[in-house]
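**Student:** This is the structure, below, for whatever I ask next.
In the numbering used here, the protein residues as written are 93 to 521.
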């Protein structure tokens, strides 16, 4: 079949890498893609929210399956738009409806959904600018630290963990009155701070059935030892030792099943991936947030562990036939280290030439913010540039393979964290 994949990051290169391994894929198009996807598929110069051009591409390239990578087109209603058009209404799509995507598009919506379906999550209240005084009064009654979340999409930057009451009050005013995160913070969710170990659980669902994919742990902060500013993610490890069979059974029974059943009960069309950010608090799972797509860079550690045909999984999601799909997962470890431009997540320079090694046995280099200059050289074009994933029977072996390749890659002012996976190693040892 002809497949169109939307997106341009490391997640999408990992998707493309997995899709082209399937004999079911005749031709893969990626819009807009990056230098990595260009090497294995046909890139199309189309933005992920240009619905008209996406529709035209589906028609012109006789696309049989559309796979939506990032959240923005989903939150903006791409699936509903295509369903409303005579020429694309029957195209199978991997990605939820606009209402389903509101699970990520609005923190308040997702918290109310969890409340309705008794899904364990942190205690919370939501306030808008007209309720500032109530919000400030609410803060005075809460334990510290306290979490403030912009209700809408804020490119992963809309969550603040406040250590003092003064900081929390000041931040709430900045978010509501000064639009610190733009329209995203027109409403703010004030949430109890949960302590424990974070992890990500990924679910594929066709709206009725589901498959739980490999779990992962990611590393959000720029500095080693989880210090400094939040980023889109500096690395990931899968599997996760503290997500044992007993814990994952609780996740399935208390979170996955009521979430999928709740979407169906509320008639919310959902055919796609559900990324559940969890806190393991003394062996019990609590939902931190829902995302309506796969995570990045967790995807680069999760997909290499899937041994069954990935296109069959995508087709099962889009055509409500997921119950027939047999998911096979490798017991091996996959570890991902993200290499970023110097200065990220702040300002950084683009256009530096990247040198890659030729021999990458047992590792894969996934491209994220890459492009080609006029002479065809590979260059950095974004903050997160490359994600290197190594595989091994043991975590130590996997990490050694990953870092052996990372150390052979260079461009001006590049940076990466050297402590990815070390916390898990300590738990194992």
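We treat Cβ as the ideally placed atom computed from N, Cα and C, and that holds for glycine. All figures in this text were calculated on a predicted structure; none of them were measured in a lab.
Look at the Cβ atom of residue 162, then the Cβ atom of residue 324, and state whether they are nearer than 9 Å.
**Tutor:** Mapped onto the chain shown, residue 162 falls at position 70. Mapped onto the chain shown, residue 324 falls at position 232. No; because the gap between Cβ atoms is not below 9 Å, this pair is not in contact.
**Student:** Between residue 238 and residue 179, what straight-line distance do the alpha-carbon atoms span, to the nearest angstrom?
**Tutor:** Reading the chain shown from its first residue, position 146 is the one you call residue 238. Reading the chain shown from its first residue, position 87 is the one you call residue 179. Cα-Cα distance, rounded: 49 Å.
**Student:** DSSP three-state call for residue 261: helix, strand or coil?
**Tutor:** Counting from one through the chain shown, the residue named residue 261 turns up at place 169. Residue state, collapsed to three classes: helix.
**Student:** Which residues in the same chain have their Cβ closer than 6 Å to the Cβ of residue 355, if we skip the five residues on either side of it in sequence?
**Tutor:** Within the chain shown, numbered from 1, the residue matching residue 355 stands at position 263. Answer for residue 355: 362, listed in chain order.
**Student:** Can you tell me which of the three DSSP states residue 362 falls into?
**Tutor:** Taking the first residue of the chain shown as 1, we reach residue 362 at position 270. Coil.
**Student:** Where do the ends of the alpha helix (DSSP H) carrying residue 126 lie?
**Tutor:** Your numbering for residue 126 matches position 34 in the chain shown. Looking at the DSSP string, residue 126 is not in any alpha helix (DSSP H), and its letter there is neither H nor E.
**Student:** Does the Cβ of residue 182 have 16 or more other Cβ atoms within 10 Å, making it buried, or fewer, making it exposed?
**Tutor:** Reading the chain shown from its first residue, position 90 is the one you call residue 182. Classification for residue 182: exposed.
**Student:** Counting C-beta neighbours from all protein chains within 10 Å, is the total for residue 213 16 or more, i.e. buried, or is it exposed?
**Tutor:** Indexing the chain shown from 1 puts residue 213 at position 121. Residue 213 is buried by the Cβ-count criterion.
**Student:** Going by C-alpha distance, which of 102, 429, 133 and 125 is nearest residue 117?
**Tutor:** Here residue 117 is taken as the residue at index 25 of the chain shown, counted from 1. Selected option, being the one with the closest Cα: 133.
**Student:** Leaving out five residues before and five after residue 497 in sequence, what residues of the same chain have Cβ atoms less than 8 Å from its Cβ?
**Tutor:** As a working note, residue 497 is residue 405 in the chain shown. The answer, listed in chain order, is 449, 452, 455, 457, 480 and 482.
**Student:** Taking the straight line between their C-alpha atoms, what separation do you get for residue 230 and residue 418?
**Tutor:** By one-based count along the chain shown, residue 230 stands at place 138. By one-based count along the chain shown, residue 418 stands at place 326. Cα to Cα, the separation comes out at about 48 Å.
**Student:** Terminal residues of the continuous beta strand (DSSP E) containing residue 348?
**Tutor:** As a first step, residue 348 must be located in the chain shown, where it is residue number 256. Counting along the chain, residue 348 falls outside any beta strand (DSSP E), and DSSP gives it neither H nor E.
**Student:** For residue 475, which residues in the same chain have their Cβ closer than 7 Å to its Cβ, ignoring the five residues on either side in sequence?
**Tutor:** Locating residue 475 in the chain shown gives position 383, where the first residue counts as 1. Within the same chain, residue 475 has close Cβ partners 432, 433, 436, 437, 440 and 461.
**Student:** Within a Cβ cutoff of 6 Å, which residues of the same chain sit near residue 380, ignoring the five residues on either side of it in sequence?
**Tutor:** Taking the chain shown and counting its residues from 1, the one referred to as residue 380 is at position 288. Within the same chain, residue 380 has close Cβ partners 369 and 371.
**Student:** Quick check: what's the CA-CA separation for residue 221 versus residue 282?
**Tutor:** The count along the chain shown starts at 1 and reaches residue 221 at position 129. The count along the chain shown starts at 1 and reaches residue 282 at position 190. Answer to the nearest angstrom: the Cα atoms are 13 Å apart.
**Student:** Looking only at its chain, what residues have a beta carbon closer than 6 Å to the beta carbon of residue 175, apart from the 5 residues adjacent to it on each side?
**Tutor:** Counting from one through the chain shown, the residue named residue 175 turns up at place 83. Around residue 175: 181.
**Student:** Express the C-alpha separation of residue 340 and residue 378 in angstroms, rounding to a whole number.
**Tutor:** For this step, residue 378 is matched to residue 286 along the chain shown. For this step, residue 340 is matched to residue 248 along the chain shown. When rounded, the distance between both Cα atoms is 12 Å.
**Student:** Whole-angstrom Cβ separation of residue 123 and residue 149, contact assumed at under 8 Å?
**Tutor:** Position 31 of the chain shown, counted from the first residue, corresponds to residue 123. Position 57 of the chain shown, counted from the first residue, corresponds to residue 149. With a Cβ gap of about 6 Å, residue 123 and residue 149 count as contacting.
**Student:** So, with DSSP's three-state summary, where would you put residue 420?
**Tutor:** Looking up residue 420 in the chain shown gives position 328. Coil.
**Student:** Does the Cβ-Cβ distance between residue 99 and residue 125 come in under 9 Å?
**Tutor:** Indexing the chain shown from 1 puts residue 99 at position 7. Indexing the chain shown from 1 puts residue 125 at position 33. For residue 99 and residue 125, yes; Cβs fall inside 9 Å.
**Student:** So for residue 318, helix, strand or coil by DSSP?
**Tutor:** Walking along the chain shown from the start, residue 318 turns up at place 226. The answer is coil: DSSP assigns residue 318 none of H, G, I, E or B.
**Student:** Excluding the five sequence neighbours on either side, which residues of its own chain have a C-beta within less than 6 Å of the C-beta of residue 252, listed in chain order?
**Tutor:** As a first step, residue 252 is located in the chain shown; it is residue number 160 there, counting from the start. Cβ within range, chain order: 240 and 263.
**Student:** Run through the region 142-219 for me and flag every whole alpha helix (DSSP H) of 4 or more residues, listed as ranges in chain order.
**Tutor:** Segments of the alpha helix (DSSP H) lying fully in the region 142-219: 143-152, 164-167, 170-176, 190-197 and 199-208.
**Student:** From which residue to which residue does the alpha helix (DSSP H) around residue 458 run?
**Tutor:** As a working note, residue 458 is residue 366 in the chain shown. Counting along the chain, residue 458 falls outside any alpha helix (DSSP H), though it belongs to the beta strand (DSSP E) covering 455-459.
**Student:** Output the boundary residues of the alpha helix (DSSP H) element that contains residue 342.
**Tutor:** Taking the first residue of the chain shown as 1, we reach residue 342 at position 250. Residues 337-343.
**Student:** DSSP on residue 308, reduced to helix/strand/coil?
**Tutor:** Here residue 308 is taken as the residue at index 216 of the chain shown, counted from 1. Reduced to three states, the DSSP call for residue 308 is strand.
**Student:** Would you decide whether residue 189 is buried or exposed? Buried here means 16 or more other CB atoms lie within 10 Å of its CB.
**Tutor:** One-based indexing of the chain shown puts residue 189 at position 97. Buried.
**Student:** Of all the options 93, 135 and 129, which has the alpha carbon lying nearest to the alpha carbon of residue 115?
**Tutor:** Residue 115 sits at position 23 when you count from the first residue of the chain shown. Among 93, 135 and 129, the Cα nearest to that of residue 115 is on 93.
**Student:** Rounded to whole angstroms, how far is the Cβ of residue 427 from the Cβ of residue 494, which I believe are closer than 8 Å?
**Tutor:** In the chain shown, residue 427 corresponds to position 335, counting from 1. In the chain shown, residue 494 corresponds to position 402, counting from 1. Their Cβ separation, rounded to whole angstroms, is 5 Å, which keeps residue 427 and residue 494 in contact under 8 Å.
**Student:** By the 10 Å Cβ neighbour count, where 16 or more other Cβ atoms means buried, how is residue 383 classified, buried or exposed?
**Tutor:** By 1-based counting over the chain shown, the position of residue 383 is 291. Residue 383 comes out buried.
**Student:** Can you say whether residue 152 is buried or exposed, counting buried as having 16 or more other CB atoms within 10 angstroms of its CB?
**Tutor:** The sequence position of residue 152 within the chain shown is 60, counting from 1. By the neighbour-count rule (16 or more Cβ atoms within 10 Å), residue 152 is not buried but exposed.
**Student:** Under a Cβ-count criterion, where at least 16 other Cβ atoms within 10 Å of its own Cβ denotes burial, should residue 110 be classed as buried or exposed?
**Tutor:** As a working mapping, residue 110 is identified with position 18 in the chain shown. That one is buried.
**Student:** Going by DSSP in three states, residue 104 sits in which element: helix, strand or coil?
**Tutor:** As a first step, residue 104 must be located in the chain shown, where it is residue number 12. In this structure, residue 104 counts as helix in the three-state DSSP scheme.
**Student:** Can you find the residues in the same chain that come closer than 6 Å, C-beta to C-beta, to residue 158, ignoring five residues on each side of it along the sequence?
**Tutor:** Mapped onto the chain shown, residue 158 falls at position 66. If we look at residue 158 and ignore the five residues flanking it on each side, its Cβ neighbours are 96, 183 and 185.
**Student:** Based on the DSSP secondary-structure assignment, which residues constitute the bridge partners of residue 302?
**Tutor:** Within the chain shown, the letter at position 210 stands for residue 302. In the DSSP output, where bridge partners are listed per residue, residue 302 has 297.
**Student:** List the whole-angstrom C-beta distance separating residue 386 from residue 294, where the pair is believed to meet the contact cut-off of C-beta under 8 Å.
**Tutor:** Counting from 1 along the chain shown, the entry for residue 386 is found at position 294. Counting from 1 along the chain shown, the entry for residue 294 is found at position 202. Their Cβ separation, rounded to whole angstroms, is 6 Å, which keeps residue 386 and residue 294 in contact under 8 Å.
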